[in-house]
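To start, the structure under review is shown below, and the notes come after it.
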Amino acid sequence: MIRVEGLTKRYGATTVLDGIDAEIARGEVISIIGPSGTGKSTFLRCLNLLEQPSGGRIEIDGQDILAPGADVPRLRQRMGMVFQSFNLFPHLTVLENLTIGPIRLRGRTKAEAEARGLDLLKTVGLAEKADSFPDQLSGGQKQRVAIARCLSMEPEIILFDEPTSALDPTMVSEVLAVIRRLAKQGMTMAIVTHEMDFARDVSSRVFYMDQGTIYEAGTPEQIFGDPQRDRTRDFINKVRSVTAHLASADFDLYALFGQINGFCEKHLLPAKIAHRLELLTEEVLALHVARPGPVDLDLAIAYSEKSQEIEIRLDSPGEPGDPLADDPSDGLGLAIIRRYAEILPCHRVGDRNRVTLRVAKA
Ligand code: ADP
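Here our numbering runs 1111 ahead of the position in the sequence shown, where the first position is 1.
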């Protein structure tokens, strides 16, 4: 359905898309993942010409949409887009948000557009809200209206640009459920997302983007289970865990706590565990900082769904030996750590000592 060849996008001297080649077949659900700033959103916006590409080809059903004289408004109607920030018309009711496009741009009568609009609101679970205004809705409801509005234009493909990243965590799942349902119905979709578990079970293929290219593409099993290239592997390992490198005593502990909480939410771990992980990392850092020598600690928190265990891995430089062995806080720090975690035997990884804490869940 869509074929992209050598797509580039530059802003001044900055190359954001550096030669993208991709194909999307009808009925496919493509998740686009990767670090931020690598051009995922720009790629989507180039696909439906919200941004003018700097070079390359984009074909839809064999038709070159960058050719002079291409019917851009018509092409854009074939591709719906759902944004992070909903973009509903605030002065129109929910139903009016869904009927204005079909009436003005597709020549539907008001009655036709309303009947179809109500059907779509049912599909996204919001028929009751037809006469509400957007600011009377929660974020999750607004995003579901935005999806219904997109469907009202009868697109052949929907492009989702991080549809859940502006939402309160409690509302993410209602939006993902709607997208899942569309996937089941065979809608062609490309979704930029940070929700890895969702990407894994909804997609037919995953594009891993890095530095303006599709660095690796494959089935979810391949990309999440057995990535072939270095940067994909690094990324996949990172999103499944919390990692931090501490190089100074002024380290931003609250940013790390934010990551820990996000990690616990992602794995549906209770607040009690998040709190415990915060306490443990704080104690570990305090012990490390109190030692002589420069601050240099790599910390990784990972959760194994298989064994249901959470581990905190701590790597620090130095002669072989257990960095927790002599405790500058006279045992108090260690006592707190022991209360909530089992300390596994220290071992050498390269030129660093690794200590692993297995966190108690009870
Ligand atoms: P991602 O979606 O992967 O986070 P984006 O596509 O949003 O990445 O952005 C990729 C890069 O392009 C970023 O470094 C961003 O600063 C830059 N960029 C995006 N839009 C513009 C713009 N209008 N002008 C200049 N730079 C931009």
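Beta carbons are placed, not taken as given, at the ideal position from N, Cα and C, and that holds for glycine.
Worksheet item: Can we count K1120 as close to the ligand ADP, meaning its CB is less than 6 Å from some heavy atom?
Response: False, no ligand heavy atom lies under 6 Å from that Cβ.
Does DSSP put D1426 in a helix, a strand or coil?
D1426 falls in the strand class under three-state DSSP.
task: Since I believe E1394 is in contact with P1429 (beta carbons under 8 Å), could you give me their beta-carbon distance rounded to a whole number of angstroms?
output: The sequence given here places Gly at residue 1429; Pro does not occur at that position. Not confirmed; about 19 Å, so no contact.
**Prompt:** Is it the case that the CB of G1130 approaches a heavy atom of the ligand ADP more closely than 6 Å?
**Reply:** No; taking the cut-off as 6 Å, the Cβ of G1130 has no heavy atom of the ligand ADP nearer than that.
*Whole angstroms is fine: what's the gap from I1171's alpha carbon to M1112's?*
Straight through space, the alpha carbons of M1112 and I1171 are spaced by roughly 6 Å.
Can V1193 and P1245 be called in contact, C-beta distance under 7 Å? In this structure, P1245 does not lie closer than 7 Å to V1193 by Cβ.
Item checked: Cβ contact check for the region 1125-1137 and the region 1153-1161: 3 or more pairs under 8 Å -> Contact between the region 1125-1137 and the region 1153-1161 is present, because at least three Cβ pairs lie under 8 Å.
Point to revise | Three-state class that DSSP yields for G1329 in the structure shown | key: G1329 falls in the strand class under three-state DSSP.
Exercise for review: Please say whether A1259 and L1232 have beta carbons closer to each other than 7 Å?
Suggested key: One thing to note: L1232 has its Cβ within 7 Å of the Cβ of A1259.
Report whether the distance from the Cβ of S1276 to the nearest heavy atom of the ligand ADP is below 6 Å. No, the Cβ of S1276 stays beyond 6 Å of every heavy atom of the ligand ADP.
>> Looking at the strands, I want to know which residues DSSP matches up with K1120.
In response: As a beta-bridge residue in DSSP terms, K1120 pairs with L1128.
For P1460, the first and last residue of its enclosing beta strand (DSSP E):
The sequence shown places Val at residue 1460, not Pro. A1452 to V1460 is the span of the beta strand (DSSP E), which, as asked, contains V1460.
G1148 CB to nearest heavy atom of the ligand ADP below 6 Å: Yes, since a heavy atom of the ligand ADP falls inside the 6 Å radius drawn around the Cβ of G1148.
Any chance the region 1160-1167 sits against the region 1332-1346, with 3 or more Cβ pairs inside 8 Å? In this structure the region 1160-1167 does not touch the region 1332-1346; the number of beta carbon pairs closer than 8 Å is below three.
Going by beta-carbon coordinates alone, are L1408 and L1357 separated by less than 7 Å? Yes; because the gap between Cβ atoms is below 7 Å, this pair is in contact.
Does DSSP classify A1360 as helix, strand or coil? DSSP places A1360 outside both helix and strand once states are collapsed to three, so it counts as coil.
Cross-strand partners of G1166 (DSSP beta bridge): DSSP, once it has assigned bridges, lists T1119 as partnering G1166.
So the candidates are R1311, E1265, D1279 and L1388; which of them puts its Cα closest to the Cα of R1291? Measuring C-alpha to C-alpha distances from R1291 to each of R1311, E1265, D1279 and L1388 identifies R1311 as the nearest.
Report task. Kindly indicate which three-state DSSP category Q1296 falls into: helix, strand or coil? Result -> In the structure shown, Q1296 falls within a coil segment according to DSSP collapsed to helix, strand and coil.
Check: Residues in its own chain within less than 6 Å of G1262 by CB, not counting five upstream and five downstream?
Finding: Inspection of the sequence shows that residue 1262 is occupied by Leu rather than by Gly. Taking L1262 as the centre and dropping the five residues before and after it, the same chain places the C-beta of L1231 closer than 6 Å to its C-beta, in chain order.
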